Amino acid sequence: MSKPEQTSEAEETTVALLPQAEALRLPTVRDPSAVQPPLSSVRRVWFWGFGLFLAAVVGFVLWLQPWAAGPEPVSIEIAAFAPVTRVLAVNGRVTALHSVDVRALVSGPLEEVLVAEGEGVRPGKVLARIDAAAQQAVLRQAVAGLDAALVAQDQASATLARTENLGQNVARTVLENAASAERAAAQDVARMTALVDQAQIQFRNFTIRAPMEGTVLAVNVDPGQTVDPATVLLTVADLSQLLVETDVDEAYATQIRAGLTAVLLLAGEAVPRNGQVSFVSQRVDAATGGLAIKISFDEAVIAPVGLTVTANIVVDQRDAALTVPRAAILSADAQDAVFVVTGGRATRRNVMVIDWPAARLIVTEGLAPGDAVILDATGITDGQAVSVGQP
Numbered sequence: 005m006s007k008p009e010q011t012s013e014a015e016e017t018t019v020a021l022l023p024q025a026e027a028l029r030l031p032t033v034r035d036p037s038a039v040q041p042p043l044s045s046v047r048r049v050w051f052w053g054f055g056l057f058l059a060a061v062v063g064f065v066l067w068l069q070p071w072a073a074g075p076e077p078v079s080i081e082i083a084a085f086a087p088v089t090r091v092l093a094v095n096g097r098v099t100a101l102h103s104v105d106v107r108a109l110v111s112g113p114l115e116e117v118l119v120a121e122g123e124g125v126r127p128g129k130v131l132a133r134i135d136a137a138a139q140q141a142v143l144r145q146a147v148a149g150l151d152a153a154l155v156a157q158d159q160a161s162a163t164l165a166r167t168e169n170l171g172q173n174v175a176r177t178v179l180e181n182a183a184s185a186e187r188a189a190a191q192d193v194a195r196m197t198a199l200v201d202q203a204q205i206q207f208r209n210f211t212i213r214a215p216m217e218g219t220v221l222a223v224n225v226d227p228g229q230t231v232d233p234a235t236v237l238l239t240v241a242d243l244s245q246l247l248v249e250t251d252v253d254e255a256y257a258t259q260i261r262a263g264l265t266a267v268l269l270l271a272g273e274a275v276p277r278n279g280q281v282s283f284v285s286q287r288v289d290a291a292t293g294g295l296a297i298k299i300s301f302d303e304a305v306i307a308p309v310g311l312t313v314t315a316n317i318v319v320d321q322r323d324a325a326l327t328v329p330r331a332a333i334l335s336a337d338a339q340d341a342v343f344v345v346t347g348g349r350a351t352r353r354n355v356m357v358i359d360w361p362a363a364r365l366i367v368t369e370g371l372a373p374g375d376a377v378i379l380d381a382t383g384i385t386d387g388q389a390v391s392v393g394q395p
């Protein structure tokens, strides 16, 4: 009887445990509020969050505008009155005030040259001779003709004298014929005399003489060479009076006049010399567009002819003027302008300038002392923001 009782206690314990085991095997029921959202909703949240972040970044970048250039840095110069000298620089060459190209007046083979380059000569000195054999024959022929004419004149004069001595015993026509023959003989003598003079003059032309006192600068011919009146045999110059020959561009021709001072620097020298414009041509060379001028030295100069000279001609001097660098000038639509800095911005200012071949130009209108002028107008626009730097 005791075993059944024990069994029934075990059964009761088993029965008591079954409800718990069954309970563990039942599906779990969760709270709907604790259910996770679908995956698409999560992605939508992330998308909107990233979009808002990106929009914030773009707005911040737009506010900063890192691509926009800051104020353009520029160098300026404060306009102020100062003494100004306007100079025109040209290159020229030394030349003699008096110079002659010696040519022959006749043609023929050159017999001899009696001077050398660099030799001093006086007026009338024999420089060269041309073969005059043919001209000598012409002269002799003319002299012979003159002698014959003189003999004929003597005969005609004697005949006229004898006829006149006959008085009334000679016919009037005979007397007139004798007088006519005597006059004709005299005319022949005059004609032959002229021929002799002409032959002598031509003969003298075969001897080339110095036309002036000076120095032989060049000998362009050699003995044996056939020359004619177009051939330059020699060049003689007076080296005691030297000057500078040059020309200026026609754009500045109206501003060059005699009497302007000049500073002359000879090639190879370091010390300049003073001079002044002594001659200004009244004709512009149509081929070159240049106006020929001559500049004389204030003091005597010893220099070779043809030496290069740099001449600075002082065209204008002003005690007070406003000037700006050429790079500061903006030329457009036939109107010159500069940019001045006002309130951190570049302001265009129309000006009048004197155009001149120099690094700085004189401003006559449109600029006032104290204006901050931008030194380089390249790329600058009206109203552009600028920052001022040191020039």
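Going by our numbering, the sequence shown opens with residue 5, and the numbers climb by one from there. Even glycine gets a Cβ: it sits at the ideal position worked out from N, Cα and C. Since we're looking at a predicted model, the values are computed, not measured.
Using CA atoms only, rank isn't needed, just tell me which of the options is closest to residue i.
| i | options | result |
| --- | --- | --- |
| Ile-358 | Ala-325, Gln-229, Ala-241, Asp-232 | Ala-325 |
| Gln-145 | Ala-203, Val-344, Leu-379, Gly-96 | Ala-203 |
| Val-281 | Gly-263, Val-344, Leu-199, Val-252 | Gly-263 |
| Val-392 | Gly-383, Pro-373, Leu-365, Arg-349 | Arg-349 |
| Gly-373 | Ala-59, Ala-86, Ala-60, Asp-251 | It should be noted that the sequence gives Pro, not Gly, for residue 373. Here the closest residue by C-alpha is Ala-86. |
| Ala-222 | Ala-120, Asp-386, Ile-299 | Ala-120 |
| Val-147 | Thr-235, Ser-184, Gln-159, Val-193 | Val-193 |
| Leu-109 | Ala-341, Ala-290, Val-236 | Val-236 |
| Val-248 | Ser-300, Trp-52, Leu-371, Leu-365 | Ser-300 |
| Val-91 | Gln-321, Arg-107, Leu-179, Ala-100 | Gln-321 |
| Leu-371 | Leu-101, Asp-386, Trp-360, Arg-353 | Arg-353 |
| Ala-100 | Thr-219, Arg-208, Ser-184, Arg-187 | Thr-219 |
| Asp-386 | Thr-230, Ala-341, Leu-150 | Ala-341 |
| Gly-310 | Gly-53, Thr-382, Asn-95, Gln-259 | Asn-95 |
State the Cα-Cα distance for the pair residue i and residue j, rounded to the nearest angstrom.
| i | j | result |
| --- | --- | --- |
| Ala-25 | Phe-57 | Confidence is the limiting factor: at Ala-25 the pLDDT is only 44, short of 50, which leaves the residue's position unreliable and the question unanswerable from this model. |
| Thr-177 | Glu-168 | 12 Å |
| Ala-362 | Ala-307 | 30 Å |
| Pro-113 | Val-125 | 23 Å |
| Ala-141 | Ile-205 | 14 Å |
| Val-240 | Pro-233 | 17 Å |
| Thr-346 | Ile-384 | 14 Å |
| Gln-1 | Leu-143 | Any answer about residue 1 is impossible in this case: the structure gives the chain only from 5 up to 395. |
| Val-390 | Thr-250 | 47 Å |
| Asp-135 | Phe-210 | 7 Å |
| Ala-190 | Met-196 | 10 Å |
| Val-328 | Thr-312 | 32 Å |
| Val-88 | Glu-76 | 31 Å |
| Gln-139 | Ser-161 | 33 Å |
| Ala-93 | Gln-388 | 38 Å |
| Ala-304 | Arg-364 | 34 Å |
| Ala-185 | Asp-105 | 50 Å |
| Ile-366 | Met-216 | 49 Å |
| Phe-343 | Thr-368 | 16 Å |
| Trp-360 | Glu-254 | 13 Å |
Check residue i in the structure and name its three-state DSSP category.
| i | result |
| --- | --- |
| Met-356 | strand |
| Arg-166 | helix |
| Ser-391 | strand |
| Asp-375 | coil |
| Val-229 | It is worth fixing the name first, because residue 229 is Gln in this sequence and not Val. Coil at Gln-229, not helix or strand. |
| Asp-386 | coil |
| Ala-381 | coil |
| Val-178 | helix |
| Ala-304 | coil |
| Thr-197 | helix |
| Gly-218 | strand |
| Leu-28 | At Leu-28 the pLDDT is 46, less than 50, meaning the model places this residue with poor confidence and gives no usable figure here. |
| Asn-95 | strand |
| Glu-2 | The displayed coordinates of the chain run from 5 to 395. Any statement about residue 2 would go beyond what the structure contains. |
| Val-275 | coil |
| Gly-294 | strand |
| Ala-189 | helix |
| Val-110 | coil |
| Phe-343 | strand |
What residues are listed by DSSP as bridge partners for residue i?
| i | result |
| --- | --- |
| Leu-118 | Paired residue(s): none; Leu-118 is not in a bridge. |
| Phe-210 | Partner(s): none; Phe-210 has no beta bridge. |
| Arg-364 | Pro-329 |
Quiz prompt | Given 8 Å, three or more beta-carbon pairs between the stretch 262-274 and the stretch 312-325 | solution = yes
Self-check item: the stretch 273-290 contacting the stretch 235-245, beta-carbon criterion three pairs below 8 Å
Solution: They do not touch, by the three-pair rule.
Quiz item: Do the stretch 158-166 and the stretch 222-240 touch if we need at least three Cβ pairs shorter than 8 Å?
Solution: no
Quiz item: Is the stretch 79-91 touching the stretch 364-384, taking contact as three or more C-beta pairs under 8 Å?
Solution: yes
Self-check item: Segment contact, 8 Å Cβ cut-off, at least three pairs: the stretch 289-301 with the stretch 331-339
Solution: no
Quiz item: Do the stretch 146-156 and the stretch 117-131 touch if we need at least three Cβ pairs shorter than 8 Å?
Solution: no
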